[in-house]
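Notes to accompany the following structure.
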Amino acid sequence: MIHDRTWFSRLFDGFNYIFLTGFAILCLLPLVHILAVSLSGRAPATGGFVSLWPIDFTLENYEQVMGSRNFLRSFVISVLRVLSGASLNMLLVILTAYPLSKTPRVFRGRTICIWFFVFAMLFDGGLIPSFFVVRSLGLLNTLGALILPNAVPIFSVILMMNFFRDVPKELEESAFIDGASHWRVLWHIYIPLSLPAIATLTLFSAVNHWNAWFDALIYMTDTANYPMQTFLRTVIVTLDLTQVGINPQDLQRLSDRAIRGAQIIVATVPILVVYPFLQRYFISGIKLGAVKE
Amino acid sequence: MTFKQYMKRAWPLYVMIVPGIVFVLLFRYYPMYGVVIAFQDFSPAKGFAGSPWIGWANFEFLFLAPEFRRILGNTLIISVSKIVADQLGAIILALLLNEARRILFRRAIQTLIYLPHFLSWIVLGGILLDILSSGGILNQALRSVGVEPQLWLGSNDWFRGAVITSGFWKNVGFSTIVYLAALTAINPVLHEAAAIDGAGRFRRVWHITLPGIRPTIVLLAALSLGDVLQAGFEQILTLYNPAVYRTGDIIDTYVYRVGLIRAQWSLAGAVGLFKSFIGFFLIVLSYWLADRYAGYRIL
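Residue numbers (this note's numbering), protein chains in the order written: chain V, 1 to 293; chain H, 1001 to 1299.
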């Protein structure tokens, strides 16, 4: 890159650094504020005196949240959902993408199959029919309602298929000559060569499952089956703190605002933990999708 | 090659694709058949096949209802504002980031601005509900400088603004990355040649950088057409309340309330079918435009 040394150009650089830094901080401030509230005592949190630093520092909000059986149960449900949901997604994405990545000569019927999937991606039956399908299959109040309806993320299948198509054909041709089957070719050639794409899609699928909440809101009629984000909704949006199951004497010493804050932070931590990995695969993931040219 | 010879090699391909087909049939195509409830007086006990047919009655009721115009208008206003704000913001941020030469600085900023993208609307909504509440920090700050506090999420004057701004907060970082990826692909030789010819920094941005990302701008503009009926269901369901239905109620939240809370399944199904139908054509059109003007194909 060429550097301009004019005074105007330098002035612009100065403003640019300040503006970008300011914007990034602005994006982060709400999170910092909630963190500060969650670490504050009852009076300052309720009175709205906390800005970006805790007042009357206390960890008791977190102790109460982590000691709440209802909260922990929803946390466990979320973990189960992420593990089973992401595994199922990836299994089906890989199995579906492999045949679709073949030419119609190798996989007769590919053209029909691909349109079968693409149309399913473009036309949506809608919320109400989907609800009754899940209900009629007897999935209400089961983990299946959360992981089966979107078990085949079609857009991911298409990304994976495009990735598979770029695998050099010479590799599999020599394997076929040596008598390998499609199973072996998929397992020993395609999957090892596609690990970056698989890692990206797995991570995205896991984050989606962690963050999903609406499906559980409609498919779980018993709130005891709520995963964490849906559970949080009852606490945060409908402001029903009795759901947390903290005993009333304890609640009087604490601010419900601070307790909500603590729960928001706890729900955020897993994302922060995987964030460095997300970031690493993020750019490649976008190149895989949006700007594929 | 006989069929038998072909199958000897190819049978695993069919075994592999069957589970995917079964899931898609059950959870995508079966609900598509379920859109027939829009033309029925649906009752769950009788099911999709057994409920009595009533023709277009649901649609006739719908198109005459003032609510329908309201939710359609809100959906379009909110989604189009969001698309414009996000894309303009992302282009500007990407250009500015591209001008910042310190790589570490660039990475740090990117890391911070797309963090909200990975948080759910429950987490972000919980934060916003607290910050924007009557005793929240925004009103406290305004009070301290003598400005009248507002019920941001309870006022029809402010609700859309809050939705668009918070949508920007969650999504702009993500869109920025797409443009940055396109910017880094511009050949630096072009910049060098222009500099030798005496073009200053801002002329180079105008004549080289911007044309360099024009295909990406066209592409994302085309693809965003497919989203104009998506005003942000999870976001609005988290943030809204009955006081702002007039400006904040969108198609999806209406379908949810009417269908699953008030149990008027067929009416909600009719609204849903209307959205699916228009949405389908919008997406097809957006992919066609993306292919025609930006050479983008998903297949």
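Note that CB positions come from ideal geometry on N, CA and C, so glycine has one too.
Contact defined as beta carbons within less than 8 Å: I believe V/LEU122 pairs with H/PHE1023. What is the distance between those atoms, to the nearest angstrom? As a working mapping, residue 122 of chain V is identified with position 122 in the first sequence. As a working mapping, residue 1023 of chain H is identified with position 23 in the second sequence. No, V/LEU122 and H/PHE1023 are not in contact; Cβ-Cβ is about 17 Å, not under 8 Å.
So which residues on chain V does H/GLN1140 lean against when the C-beta distance must stay under 9 Å? The sequence position of residue 1140 of chain H within the second sequence is 140, counting from 1. Neighbours of H/GLN1140 on chain V, chain order: GLY48, PHE49 and SER51.
Chain H contact residues for V/HIS33, given Cβ-Cβ distances below 7 Å: Residue mapping note: residue 33 of chain V aligns to position 33 of the first sequence, counting from 1. In chain order: ILE1131 and ILE1137.
If you compare alpha carbons, which of V/THR103, V/ILE265 and V/SER87 is closest to V/LYS169? Along the first sequence, read from residue 1 onward, the residue named residue 169 of chain V stands at position 169. Looking from the CA of V/LYS169, the closest CA among V/THR103, V/ILE265 and V/SER87 belongs to V/THR103.
Sort H/VAL1018, H/ILE1278 and H/ASP1249 by Cα distance to V/LEU91 and report the nearest one. For the purposes of this step, residue 91 of chain V is taken as the residue at position 91 of the first sequence. Of the listed residues, the one whose Cα sits closest to V/LEU91 is H/VAL1018.
Going along chain V, which residues have a C-beta under 8 Å from H/TRP1288? Looking up residue 1288 of chain H in the second sequence gives position 288. Against chain V, a Cβ distance below 8 Å from H/TRP1288 picks out nothing, because the smallest value is about 12 Å.
Grab me the residues of V/TYR190's own chain with a C-beta within less than 7 Å of its C-beta, minus the 5 sequence neighbours each way, in chain order. Within the first sequence, residue 190 of chain V is the residue found at index 190, counting from 1. Around V/TYR190: TYR98, PHE164 and VAL167.
Tell me the start and end of each unbroken alpha helix (DSSP H) in the stretch 54-100 of chain V that is at least 4 residues and wholly inside, in chain order. Counting whole runs of 4 or more residues, the stretch 54-100 of chain V contains the alpha helix (DSSP H) stretches 60-67 and 69-100.
Minimum C-alpha distance to V/TYR62 - residue among V/SER156, V/VAL237 and V/ASP256: Within the first sequence, the letter at position 62 stands for residue 62 of chain V. For V/TYR62, the nearest C-alpha among the options comes from V/ASP256.
Whose Cβ in chain V lies nearer than 7 Å to the Cβ of H/SER1120? Working through the second sequence from its first residue, we reach residue 1120 of chain H at position 120. Residues of chain V with a Cβ closer than 7 Å to the Cβ of H/SER1120 are, in chain order, ASN211, TRP213 and GLN229.
Under 7 Å Cβ-Cβ, which residues of chain V neighbour H/TRP1265? Translated into positions along the second sequence, residue 1265 of chain H becomes position 265. Below the 7 Å Cβ cutoff, chain V contributes ILE128 as neighbours of H/TRP1265, in chain order.
Since H/SER1051 meets chain V, which of its residues come closer than 7 Å, beta carbon to beta carbon? Locating residue 1051 of chain H in the second sequence gives position 51, where the first residue counts as 1. The contacting residues do not exist; H/SER1051 stays about 11 Å from chain V at best.
Is the stretch 1279-1296 of chain H touching the stretch 1061-1075 of chain H in the sense that three or more CB pairs, one from each, lie closer than 8 Å? These segments do not touch.
Using DSSP bridges, identify the partner residues of H/TRP1053. Taking the first residue of the second sequence as position 1, residue 1053 of chain H is located at position 53. H/TRP1053 pairs with H/GLN1040.
Do V/ARG301 and V/LEU143 have their CB atoms nearer than 8 Å? Because chain V spans 1 through 293 in this model, residue 301 of chain V falls outside it and cannot be assessed.
Chain-order list of residues whose beta-carbon lies under 6 Å from that of V/THR58 (same chain, five-residue window excluded): Numbered from 1 along the first sequence, position 58 holds the residue referred to as residue 58 of chain V. Excluding positions up to five away in sequence, the list reads GLY41.
For H/MET1001, count the other beta carbons within 10 Å of its own beta carbon; 16 or more makes it buried, fewer makes it exposed. Which is it? Start at 1 with the first residue of the second sequence, and residue 1001 of chain H comes out as number 1. Exposed.
If you measure between the beta carbons of V/THR303 and V/TYR281, is that distance less than 8 Å? No answer is possible for residue 303 of chain V: it lies beyond the span of chain V, which begins at 1 and ends at 293.
Checking contacts by CB at 8 Å: is V/VAL79 closer than that to chain H? Start at 1 with the first residue of the first sequence, and residue 79 of chain V comes out as number 79. Chain H contact via Cβ: absent.
Neighbourhood of V/GLY261 by C-beta, 6 Å cutoff - its chain only, sequence neighbours within 5 removed: For this step, residue 261 of chain V is matched to residue 261 along the first sequence. The residues are ILE34, VAL37 and SER38.
In whole angstroms, what separates the C-alpha of H/ALA1231 from that of V/SER136? The sequence position of residue 1231 of chain H within the second sequence is 231, counting from 1. The sequence position of residue 136 of chain V within the first sequence is 136, counting from 1. Rounded to whole angstroms, the separation of the alpha carbons of V/SER136 and H/ALA1231 is 30 Å.
Roughly how many angstroms lie between the CA atoms of H/ARG1204 and H/ARG1102, to the nearest whole one? Taking the first residue of the second sequence as position 1, residue 1204 of chain H is located at position 204. Taking the first residue of the second sequence as position 1, residue 1102 of chain H is located at position 102. So the alpha carbons of these two residues sit roughly 19 Å apart.
Excluding the 5 residues preceding and the 5 following H/LEU1217 in the sequence, name in chain order all residues of the same chain whose CB lies nearer than 6 Å to its CB. Mapped onto the second sequence, residue 1217 of chain H falls at position 217. It should be pointed out that residue 1217 of chain H corresponds to Ile in this sequence rather than to Leu. Around H/ILE1217: no qualifying Cβ.
Using a Cβ cut-off of 8 Å (strictly closer), state whether H/ALA1010 contacts chain V. For this step, residue 1010 of chain H is matched to residue 10 along the second sequence. The Cβ of H/ALA1010 sits closer than 8 Å to at least one Cβ of chain V.
Would you decide whether H/ASN1241 is buried or exposed? Buried here means 16 or more other CB atoms lie within 10 Å of its CB. Position 241 of the second sequence holds residue 1241 of chain H. Label assigned to H/ASN1241: exposed.
Using a Cβ-Cβ distance under 8 Å, would V/PHE19 count as near chain H? Counted from its first residue, the first sequence places residue 19 of chain V at position 19. Yes, contact with chain H.
Do the stretch 110-127 of chain V and the stretch 1027-1035 of chain H make contact, defined as three or more Cβ pairs closer than 8 Å? Yes: the two stretches touch, three or more of their Cβ pairs being nearer than 8 Å.
Could you give the DSSP three-state label for V/LEU140: helix, strand or coil? Here residue 140 of chain V corresponds to residue number 140 of the first sequence, with the count starting at 1. Coil, per DSSP.
Within 10 angstroms of its Cβ, does H/PRO1052 collect 16 or more other Cβ (buried), or is it exposed? Taking the second sequence and counting its residues from 1, the one referred to as residue 1052 of chain H is at position 52. H/PRO1052 is exposed by the Cβ-count criterion.
So what does DSSP say about H/TRP1265, is it helix, strand or coil? Numbered from 1 along the second sequence, position 265 holds the residue referred to as residue 1265 of chain H. DSSP, read as helix, strand or coil, puts H/TRP1265 in helix.
Strictly below 7 Å CB to CB, what residues from chain A border V/PRO30? You won't find chain A in this structure, because its protein chains are V and H.
So, with DSSP's three-state summary, where would you put V/TYR275? Taking the first sequence and counting its residues from 1, the one referred to as residue 275 of chain V is at position 275. Correct three-state label for V/TYR275: helix.
Amino acids of chain V, ordered along the chain, whose beta-carbon sits closer than 7 Å to that of H/PHE1280: To locate residue 1280 of chain H, count along the second sequence from 1; it is residue 280. What H/PHE1280 touches in chain V: LEU122 and PHE123.
Of all the options V/SER87, V/VAL157 and V/ILE259, which has the alpha carbon lying nearest to the alpha carbon of V/LEU203? Taking the first residue of the first sequence as 1, we reach residue 203 of chain V at position 203. Measuring from the Cα of V/LEU203, the nearest candidate turns out to be V/SER87.
Where H/PRO1149 and H/ILE1077 are concerned, what is the direct C-alpha to C-alpha distance, given to the nearest angstrom? The count along the second sequence starts at 1 and reaches residue 1149 of chain H at position 149. The count along the second sequence starts at 1 and reaches residue 1077 of chain H at position 77. H/PRO1149 and H/ILE1077: Cα-Cα distance of roughly 26 Å.
Mind pulling the chain V residues with CB within less than 8 Å of H/LEU1260? The residue you call residue 1260 of chain H lines up with position 260 of the second sequence. Proximity of chain V to H/LEU1260 at the Cβ level (cut-off 8 Å) is accounted for by LEU127, ILE128, PHE131 and ILE218, in chain order.
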